[in-house]
DNA sequence: TATGAATGAGCGTTCATTCAT
DNA sequence: TATGAATGAACGCTCATTCAT
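Protein chains in written order, with the working numbering: chain A, 20 to 202; chain B, 20 to 202; chain C, 20 to 202; chain D, 20 to 202.
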């Protein structure tokens, strides 16, 4: 995975993978049909555990929806932005069109599930009056977009202009849920 | 450009480029030092004209800031999302880390300029009272994020779940500028 | 070796080497870093065994120095002049300046050792009164020069004018040691 | 010529030759059929003027033959050893077998003429009693060999072990003509 | 006569894949 | 099941040669 992230699919060498895995190059072919299927399976197995962890997280239904969204977003930033997982996202963006099976899988397992969860939270917030804009439920992408941008930003532009993702998140939440009234 | 978009840098063959360009392989080397510099120059020359067109656009200072932002965003969606330019953006995201020169160039010519322009509009809107959230001026990325997501979405997931980018844009603008009052 | 001798370094094709060696082209790169290092190693491994054979030769200290030198020179003519080894010498002369590592190696392993051995013989001959000219010890090259010329001659001009290297050697030895008195 | 000397035939680029000559690459083909014939003609035209200069030199028949040979040898060392011409000799040795036309030409124009001249001097010296060894007339190569060795030495090993060619020449002449009696 | 852009065959090198052990 | 030497197709790049101007 690290090799594919660092070099992209085409530029990654099976030699390096074998060396890093501590096996002989031929051994790889006992487990994978070829480089392509290895790449696909590796992406899958790298995503699945992260998704399951998210899925089994305690919903913490007691606080406000904003708090729940904030907790999720923070967790996402902490666990993804600026880590190897950010590069994994970038890798999927990069190789997706050439590996439809991967894009399909990623949409099914991550994107659509994430959107469903977000839509649920949005609808709850609307019902509770925390969110005023009812159309938001049709575009849960809007809730997630800044987090995605933060992830890609860290990967591409952090050294040009560091981004305070936490502060941006707060501003974003203020836009969605209305600014917190200072007590 | 089409070849690099379709296959990524590493998997693109100079033979194919030459064939598509209608020249012999050696001819390429009369114009470019090697594959890398060809890639970098192509990205540059593909971006520059688009940026200059944007830069010379009439500012249309008469209407509301929301109208100006909406006009810009619509133009962006029309000219980028779902076109080859979307794949160009994807390509930069994909290859950026391996071509720092390209990421640098893209940040300098496109990202930073775009953010400056957005910040200007946000500050104008705050001054006019169109935007209530003053912190937004610190994160012009929030204004642009949904457009970026729309671009990547079209490239990656359109066939799984079509995205009505125009409608999403309206919802986004409502969040930022406050929902339009039905007249 | 034969390919390099026949064509020189630059004009030799790895395809031909592989074919002659009965392996695939890629196999070469399991043993050598690149064409240059292959060339250098081949020269080395071709020279070393010959030098060691010379080095371990019985000195035959009983006869006259002239007899010893004559035996050595005859052996050299027989084993080098007119054989593939002559072309090896030519190859080193030809490519030496472009492969300093090879020239260095050849000087260290062959030339300097040979000269030391020759100087030893010359000094012995001077001590025994076989050689009258004491300055010769400073220029052992003079002892060897005709042998080198014979080697190059065979390689370049033999078909224009055959050279009787043996007879030339006798004349050379007569100059150095004084003509044999007819008994 | 400088290019061919520096790189050998195969590794020399017509681009470099054209640049150095201050003409366009295509222009070369107005004067030479191809790279090979250019090489051959260039070698020829580089050798001829030097040979003619030697041929028209005043014979200086008044002094001893040793003085005449010494003068010639000194001139040779000065004009060839350690100069570009030394590399020309090396080039001919290197490429000779692959360019029989060049080896032929060189033998005819330089080697055989030089040997004839040397034989003439040797016979004169024998007639005058300056040389005692009559067989030397059959091997004028012996007279020239040390000069050739000096030329190649300078080109290949000078930086390992500088060679005092002048002193070696004196010793060589002492061997041939007998040591000078100290007056 | 001179140009130099264009050609395309050919080369050194890489690397995914195979297979005898 | 594991190895790693061997393969050979394929790639990036070079450069002698051509030819329209």
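Where is the CB? At the ideal position from N, CA and C, for every residue including glycine. On a predicted model such as this, the values are computed, not experimentally measured, just so you know.
Is residue 159/D near residue 134/D, with beta carbons less than 7 Å apart?
Contact: yes.
Would you mind giving the Cβ-Cβ distance between residue 140/A and residue 87/A, rounded to the nearest angstrom? I have them listed as a contact below 8 Å.
That pair is a contact at about 6 Å.
Looking at chain D, is there any beta carbon in it that lies within less than 7 Å of the beta carbon of residue 164/C?
So, interface residue.
How is residue 34/B classed by DSSP in three states: helix, strand or coil?
DSSP places residue 34/B in helix when its eight states are reduced to three.
Which residue marks the beginning of the alpha helix (DSSP H) containing residue 88/A, and which one marks its end?
Residue 88/A -> alpha helix (DSSP H) spans 84–98.
Take residue 114/A and list the residues in its own chain whose beta-carbon comes closer than 6 Å to its own, dropping the five residues that flank it on each side.
Excluding positions up to five away in sequence, the list reads 28.
For residue 52/D, which residues in the same chain have their Cβ closer than 8 Å to its Cβ, ignoring the five residues on either side in sequence?
Here the set comprises nothing.
For a minimum of 4 consecutive residues, which ranges assigned as the alpha helix (DSSP H) are wholly contained in the stretch 116–192 of chain C?
Taking only runs of at least 4 residues, the alpha helix (DSSP H) segments lying wholly in the stretch 116–192 of chain C are 119–125, 131–147 and 160–175.
Looking only at its chain, what residues have a beta carbon closer than 6 Å to the beta carbon of residue 110/B, apart from the 5 residues adjacent to it on each side?
The residues are 24.
Tell me whether residue 109/B sits in a helix, a strand or coil according to DSSP, three-state version.
DSSP places residue 109/B in helix when its eight states are reduced to three.
What does the alpha-carbon distance come out to for the pair residue 108/B and residue 32/A?
Going from the Cα of residue 108/B to the Cα of residue 32/A covers about 26 Å.
When DSSP labels each residue in this structure, what does residue 39/B get in the three-state scheme?
If DSSP states are grouped into helix, strand and coil, residue 39/B belongs with the helices.
With 7 Å set as the bound, which would you pick, yes or no: does the beta-carbon of residue 197/B sit closer than that to a beta-carbon of chain A?
So no, residue 197/B is outside the interface.
Put residue 53/C into one of helix, strand or coil per three-state DSSP.
Residue 53/C: coil per DSSP, three-state reduction.
Under three-state DSSP, which class holds residue 45/D?
Residue 45/D: helix per DSSP, three-state reduction.
Looking at the C-beta of residue 126/A, does it have a partner C-beta in chain B at a distance below 7 Å?
Yes - at least one Cβ of chain B is within 7 Å of the one on residue 126/A.
Nearest by alpha-carbon distance to residue 98/A: which of 112/A, 120/A and 70/A is it?
Checking every option, the nearest Cα to that of residue 98/A belongs to 70/A.
With distances taken from CA atoms, which of 122/C, 118/C, 185/C and 163/C is nearest residue 136/C?
Comparing Cα positions, the closest option is 163/C.
Between residue 190/A and chain B, is any beta-carbon pair separated by less than 7 Å?
It does: the Cβ of residue 190/A has a partner Cβ on chain B nearer than 7 Å.
Three-state secondary structure (DSSP) at residue 199/D?
Coil at residue 199/D, not helix or strand.
For a test of the three-state rule: what should DSSP assign to residue 64/D, helix, strand or coil?
If DSSP states are grouped into helix, strand and coil, residue 64/D belongs with the helices.
Between 146/C, 105/C, 122/C and 92/C, which lies nearest to residue 177/C when the distance is taken from Cα to Cα?
Closest by alpha carbon: 105/C.
By a C-beta neighbour count over all protein chains shown, 10 Å radius and 16 as the cutoff for buried, is residue 85/A buried or exposed?
So residue 85/A counts as buried.
My output table needs one value for residue 27/D: the three-state DSSP class, helix, strand or coil.
Residue 27/D falls in the helix class under three-state DSSP.
Tell me, please, whether the CB atom of residue 177/D is closer than 7 Å to any CB atom in chain C?
Not closer than 7 Å to any Cβ of chain C, the Cβ of residue 177/D fails to qualify, so no.
Can residue 32/A be considered in contact with the ligand GDP, in the sense that its beta carbon sits closer than 6 Å to one or more heavy atoms?
The ligand GDP is absent from the structure shown, which contains no ligands of any kind.
Taking 7 Å as the CB-CB limit, is residue 86/D close to chain C?
Cβ-Cβ to chain C under 7 Å: no for residue 86/D.
Rounded to a whole number of angstroms, what is the C-alpha to C-alpha distance between residue 43/D and residue 54/D?
Residue 43/D and residue 54/D: Cα-Cα distance of roughly 15 Å.
Given that residue 109/A touches chain B, what residues does it touch there, using C-beta distances under 9 Å?
The contacting residues are 112, 113, 115 and 116.
Could you compute how far the alpha carbon of residue 82/C sits from the alpha carbon of residue 148/C?
C-alpha separation (whole angstroms): 14 Å.
Just checking: is the beta-carbon of residue 122/D within a distance shorter than 7 Å of some beta-carbon in chain C?
Taking Cβ atoms only, chain C reaches closer than 7 Å to residue 122/D, which makes this a yes.
Quick check on residue 145/B - is its C-beta less than 7 Å from some C-beta in chain A?
No, no contact with chain A.
Taking the straight line between their C-alpha atoms, what separation do you get for residue 47/D and residue 20/D?
Roughly 14 Å between the two C-alpha positions.
Under 7 Å between beta-carbons, which chain D residues line up against residue 187/C? List them in chain order, please.
The contacting residues are 158, 160 and 161.
Looking at C-beta atoms only, is the number of pairs between the stretch 114–130 of chain D and the stretch 57–67 of chain D that lie closer than 8 Å three or more?
The stretch 114–130 of chain D vs the stretch 57–67 of chain D: in contact.
Which whole-angstrom value describes the C-beta separation of residue 96/B and residue 184/B, a residue pair presumed to lie in contact below a C-beta threshold of 8 Å?
So it is a contact: roughly 5 Å between Cβ atoms.
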